[in-house]
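Q: Residue numbers (the working numbering), protein chains in the order written: chain B, 8 to 440; chain P, 18 to 453; chain G, 23 to 159; chain V, 109 to 251.
1. Using a C-beta to C-beta distance shorter than 9 angstroms, which residues of chain P count as neighbours of residue 31 of chain G?
2. Which residues, in order along the segment 141-152 of chain V, keep a beta-carbon less than 7 angstroms from a beta-carbon of chain B?
3. Determine which residues of the segment 186-209 of chain B have a Cβ less than 7 angstroms from any Cβ of chain P, and write them out in chain order.
4. Which residues in chain P have a C-beta closer than 9 angstroms to the C-beta of residue 84 of chain G? List them in chain order.
5. On the criterion of 16 or more Cβ atoms from any shown chain inside 10 Å, does residue 50 of chain B qualify as buried, or is it exposed?
6. Touch check for the segment 133-148 of chain V and the segment 161-169 of chain V: three-plus C-beta pairs under 8 angstroms?
7. Does DSSP put residue 465 of chain P in a helix, in a strand, or in coil?
8. Between which residues of its own chain and residue 349 of chain B is the CB-CB distance below 7 angstroms, once the five residues before and five after are set aside?
9. Answer with buried or exposed for residue 36 of chain B, where buried requires no fewer than 16 other C-beta atoms within 10 angstroms of its C-beta.
10. Indicate whether at least one CB of chain G lies closer than 8 angstroms to the CB of residue 249 of chain P.
11. Check residue 228 of chain P in the structure and name its three-state DSSP category.
12. Quick one: residues in its chain with C-beta nearer than 6 angstroms to the C-beta of residue 351 of chain P, no 5 flanking neighbours on either side, listed in chain order?
13. Would you list, in chain order, the members of the segment 167-185 of chain P that have their beta-carbon closer than 9 angstroms to a beta-carbon of chain B?
14. Hey, quick one: how far does the alpha helix (DSSP H) through residue 199 of chain V stretch, first residue to last?
15. Given a cut-off of 8 angstroms, decide if residue 160 of chain B and residue 135 of chain B are closer than it, judged by their beta-carbon atoms.
16. Between the beta-carbon of residue 276 of chain P and the beta-carbon of residue 286 of chain P, is there less than 8 angstroms?
17. Please compile the residues from chain P whose C-beta is within a distance smaller than 7 angstroms of the C-beta of residue 134 of chain G.
18. Contact check, residue 264 of chain B vs residue 120 of chain B under 8 angstroms by CB: the rounded distance?
19. Answer with yes or no whether the minimum CB distance from residue 420 of chain P to chain B is below 8 angstroms.
20. Give me the residue from P:436, P:423, P:42, P:268 with the minimum Cα distance to residue 331 of chain P.
21. Does DSSP classify residue 214 of chain V as helix, strand or coil?
22. Just list the alpha helix (DSSP H) runs in the segment 170-215 of chain P, keeping only unbroken ones of 4 residues or longer that don't cross its boundaries, in chain order.
23. Would you mind telling me which residues of chain V sit closer than 7 angstroms to residue 121 of chain G, beta carbon to beta carbon, in chain order?
24. Please tell me whether residue 165 of chain G and residue 66 of chain G are closer than 8 angstroms, where the distance is taken between their beta carbons.
25. Identify, in the order they occur along the chain, each residue of the same chain with its Cβ nearer than 6 angstroms to the Cβ of residue 62 of chain G, setting aside the five sequence neighbours on each side.
26. Can you list, in chain order, the residues of its chain whose CB lies under 8 angstroms from that of residue 157 of chain V, leaving out five sequence neighbours each side?
27. With a 10 Å radius around its C-beta and 16 neighbouring C-beta atoms as the bar for buried, classify residue 213 of chain V as buried or exposed.
28. Report yes or no: do the segment 60-78 of chain P and the segment 123-134 of chain B share at least 3 C-beta pairs separated by less than 8 angstroms?
29. Given this structure, state the Cα-to-Cα distance separating residue 244 of chain P from residue 206 of chain P, to the nearest angstrom.
30. In the DSSP assignment, what are the bridge partners of residue 55 of chain G?
31. Run through DSSP, which three-state label would residue 6 of chain G get?
32. Taking only three categories from DSSP, how would you classify residue 133 of chain B?
33. Which residues in the same chain as residue 53 of chain G place their Cβ atom closer than 6 angstroms to its Cβ, once the five residues preceding and following it in sequence are excluded?
34. In the segment 221-270 of chain B, which residue ranges form an unbroken beta strand (DSSP E) of at least 3 residues, counting only runs that do not cross its ends?
35. Grab me the residues of residue 202 of chain B's own chain with a C-beta within less than 7 angstroms of its C-beta, minus the 5 sequence neighbours each way, in chain order.
36. Hey, is residue 214 of chain V's beta-carbon within less than 8 angstroms of any beta-carbon in chain G?
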């Protein structure tokens, strides 16, 4: 269903006017209420009055992940903290978190865009949804939860993991919709077979998959294995969480809800707009958010945008699947991992300043495996098995507690990690998507 | 002391009016229970075919108890009294192997639950200005989402962390100047013991209150926690069958937990005979839901032991106060706030062919937290003499247990015949935890 | 093919002693042994003259044990001989699960115990014979 | 009375043992006994060699992680129960064995045990008191 026909199917001229109106307001709001933006805009020599239409957006400075890190924890808040009703953090590139806050209106907005997203996937009020994204600080679980309640679905708040329980819930309650990472969906198929369940006969008819990159061939595999429709959801916590864009049942790109999230595509080197339809870095401006409005936030995701009208009737532009990143972030089981975080952990463990490498792999039908390879140094070498095993354990635990993702630690001999120009290659991604 | 109320009229209602209110709601609950496959024949047998057959609250005694086993038998929809279309959420209890239990909620049910939690929060003196860090797990477990909705209703700023990850918890407490936490008492003590190691000091925090529940603990531990952190700690009681947290909560006077009696009928019974017990007598708590449309429960035996305090509270709330929970009538274990039945562990272990005939479960304290150690004997007939296979076996049992009981156990492999032999699964559990 | 007896033991005082006592009381002589440990438990690997008898004696006492085919080689005690041995195995893609060894007579001969995958055993024997290593029965 | 053993960190990768062997061989170092303690990912190679200090230097120069540890080697009677007797003595005196390896009875009249204790001096005095023959560095070289 189309949840909000007025906004999602608005003719482009009206849409542009709405966007312009909102852009003017949000620029003014950010300038007035957020010292960070005031400073930034003053330094950039631009005034809220300079923004008269959507094309003037290019006059505004961009906001980066580093800006978010440096303004931690409160400098980016534009609303007083007592009006903030929810805070989420995700792990940042080094020690600090990336923080996002929501006022009551922001939570309503989140529920609204997630309801639109579920509508894109094909959900109808009264359907049952199994939410297998993690609940808590991770925005995946609660985002879907709010949207599903808004639409009037019956929610199974399963949260992530515990595969057997997930499958039992599916089998017992027959939910029509599944929300999880695409690799987890494939993984569940293996487990289902082991439990004697036939994935083809599952109750899931529609999947809303995201939080990690995936390919058309994975889509085909999911659809044929589970006999269900697999659609793509896009979001990032800085903007709102899931619900920034979602594929409709025609599966030709993800409708971005551009009346509230204004998209641009720029050349990451020059910062200039790319030609229409060309690939570049996705930059988003939140047009209505109150707690932390973001102006021209660089997502570091590489996409292209199509502005043609979709068969489904929605006029909102469509972004392509994410084709890459402009930084060295990797996504493992839906969780963002920066090599610098691992470095931070190793430095924190006494006496280790070692060379390390991250290897991500995904075997057929299994979940992502993250292996952290650490070169052993003389300082930490003991000739007792117990001591070395407990060192391994310690590194593993520290990393897991920072990242919230399961890792394997492998100790290797010195100089065995491949170096180029003296520097070790930090990430090896062996996954075939 | 300043007393604040969320819903003063209901919270301070006089007892007679409360009883009248209960009676009216009970009749409606009976009517909706009659729509379920489970209660219909049961109530008919007890001579009740409509809510009108209930003349006074005393008639409640004619209704048979509902047990955990009944709930299991009703899985999945034996207790569902509305159309599935009207259900907006459901929670199930743990159990991938054993039969779980399920509670459905309509939007009305969730609103009522949220109100009870909001009342509880306000009763402790918290409000809109507070920064609330919720350290209870989110998802099917009701501890997380239950408080979450109530806290948002009140207008607090919620940080939905969920459980675990101590260092991150502390960092957030510091960075966002958290004033209220929702936590298990043992995790609270654990945080204290890890402060220095994680590079924090109490002066980094702005903590004022802790809502503590999900596991039994003593008054001494409360005092200790209050002194260590220089905060006020409030007892919270709830169980998923009765929605979750927000069933009973302490007010600022901290003399027992006000049970929201407009939403639940509270009885204390002698566990063996089921006979009603008077005030200040310890017995099993029995609840009847009055405000839940999707899954009404009549006289549900909680298996929790407690008593009801005498007299009126200084806060003027007329809802009676429950003592802290003193024990259980069954062999359920509470490990770091998670409910575990020994039978769940046994079922998993005994399914694995490489495991011998004997096993033992040890519960110990590691610092302030519980540690679950599962000791299994290896089975000599299946032993192939390869260390790598033993590594894999250990990992396999660990994963299977984790999947079923949500707790990460410590696995120990033992020689055949080296563990003491006991009959019955409860005896195989050795609880070495000192009571907190 | 030589036999090795692998016995599961918990890593706590007295366990190794208990195993060797069972063997001693059954008059079973130990030719060689090693321990593979995992912190809280481990395996004792024993070379005894009558592995079946030893197995029955231990199994009778309830120990989890297993007899495995292994290979015992007696290379000359010469500098670089160990490296030649491992090189031969490497070249032929034979993976060593566990190994241990000693010098028996200085400048003359040593002994080396190799635990290999079952599929590799025959192949390894053929190759080592050809390369001039003495494989003991 | 203590002997020096060298311990080397090795990945469980084919050919690593071979590399150590040939490196020491090329430098004229003779291996008297060796054993490997392994986990699924890595192993610790423990060796008694004739020139331990030289051996460690050579290995380190080639980038290996290696270190010296004190061990105690004893000789026991070559008859059933020989090993059990030594272990009995250690157990009775509550001496903790970190790890142990090695034993040859069949091929010579001498049987050799290598122990790593957490308190080697105490272990040595207990063993001596019980008339267990401890193998010194000189005797070791003659093996």
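Cβ coordinates follow ideal geometry from the N, Cα and C atoms, glycine included.
A: Taking the definition as stated:
1. Contact annotation for residue 31 of chain G against chain P: 432 [CB-CB distance below 9 angstroms, chain order].
2. Residues passing the 7 angstroms Cβ filter: 145, 147, 149, 150, 152.
3. Listed in sequence order: no entries.
4. Within chain P, the residues placing a beta-carbon under 9 angstroms from that of residue 84 of chain G are 397, 432, 433, 434, 435, ordered along the chain.
5. So residue 50 of chain B counts as exposed.
6. The segment 133-148 of chain V is in contact with the segment 161-169 of chain V.
7. Nothing about residue 465 of chain P can be read from this structure; chain P reaches only from 18 to 453.
8. Closer than 7 angstroms at Cβ, skipping near neighbours: 363, 365, 379, 406.
9. By the 10 Å Cβ count, residue 36 of chain B comes out buried.
10. Residue contact with chain G for residue 249 of chain P: absent (no Cβ-Cβ distance below 8 angstroms to any residue of chain G).
11. It is a strand residue.
12. Excluding residues within five positions, the ones whose Cβ falls inside 6 angstroms are 232.
13. Across the segment 167-185 of chain P, CB contacts with chain B closer than 9 angstroms involve 168, 169, 172, 173, 174, 175, 176, 177, 178, 179, 180, 181, 182, 183, 184, 185, in sequence order along the chain.
14. Looking at the DSSP string, the run of the alpha helix (DSSP H) that includes residue 199 of chain V is 190-200.
15. Going by beta carbons, residue 135 of chain B and residue 160 of chain B fall inside the 8 angstroms limit.
16. When the beta-carbon positions are compared, residue 276 of chain P and residue 286 of chain P stay at least 8 angstroms from each other.
17. Result: empty, since nearest Cβ-Cβ is about 20 angstroms, beyond 7 angstroms.
18. Approximately 5 angstroms separates the beta-carbon atoms of residue 264 of chain B and residue 120 of chain B; this is inside 8 angstroms, confirming the contact.
19. Nearest CB-CB separation between residue 420 of chain P and chain B: below the 8 angstroms threshold.
20. For residue 331 of chain P, the nearest C-alpha among the options comes from P:268.
21. With a pLDDT of 42 at residue 214 of chain V, under the threshold of 50, the predicted position of this residue should be treated as unreliable, though the coordinate-derived value follows. If DSSP states are grouped into helix, strand and coil, residue 214 of chain V belongs with coil.
22. For the segment 170-215 of chain P, whole alpha helix (DSSP H) runs of length 4 or above, ordered along the chain, are 183-192, 202-211.
23. Neighbours of residue 121 of chain G on chain V, chain order: 144.
24. Chain G is shown only over 23 to 159; residue 165 of chain G falls outside these bounds and no answer can be derived.
25. Shown here for residue 62 of chain G: same chain residues with a beta carbon closer than 6 angstroms to its own, the five before and five after excluded, namely 33 in chain order.
26. Leaving aside the five residues that flank residue 157 of chain V on each side, the residues in its chain whose CB is nearer than 8 angstroms to its CB run, in chain order, 114, 132, 137, 138, 139, 140, 163.
27. Residue confidence for residue 213 of chain V is low, a pLDDT of 42 falling below 50, so the modelled location carries little weight; the figure read from the coordinates is stated next. Buried, since its Cβ has 16 or more Cβ neighbours within 10 Å.
28. With the cut-off at 8 angstroms, the segment 60-78 of chain P and the segment 123-134 of chain B do not touch.
29. When rounded, the distance between both Cα atoms is 11 angstroms.
30. Answer by DSSP bridge pairing, in chain order: G:68.
31. Residue coverage of chain G in this structure runs from 23 to 159, which leaves residue 6 of chain G outside it and unanswerable.
32. Three-state result, residue 133 of chain B: coil.
33. Contacts found: 69.
34. Fully enclosed beta strand (DSSP E) runs of 3 or longer: 236-243, 248-254, 261-263.
35. 171, 174.
36. For residue 214 of chain V, the pLDDT reaches just 42, beneath the cut-off of 50, and the residue's location in the model is therefore unreliable, although a value from the coordinates is still provided. Chain G contact via Cβ: present.
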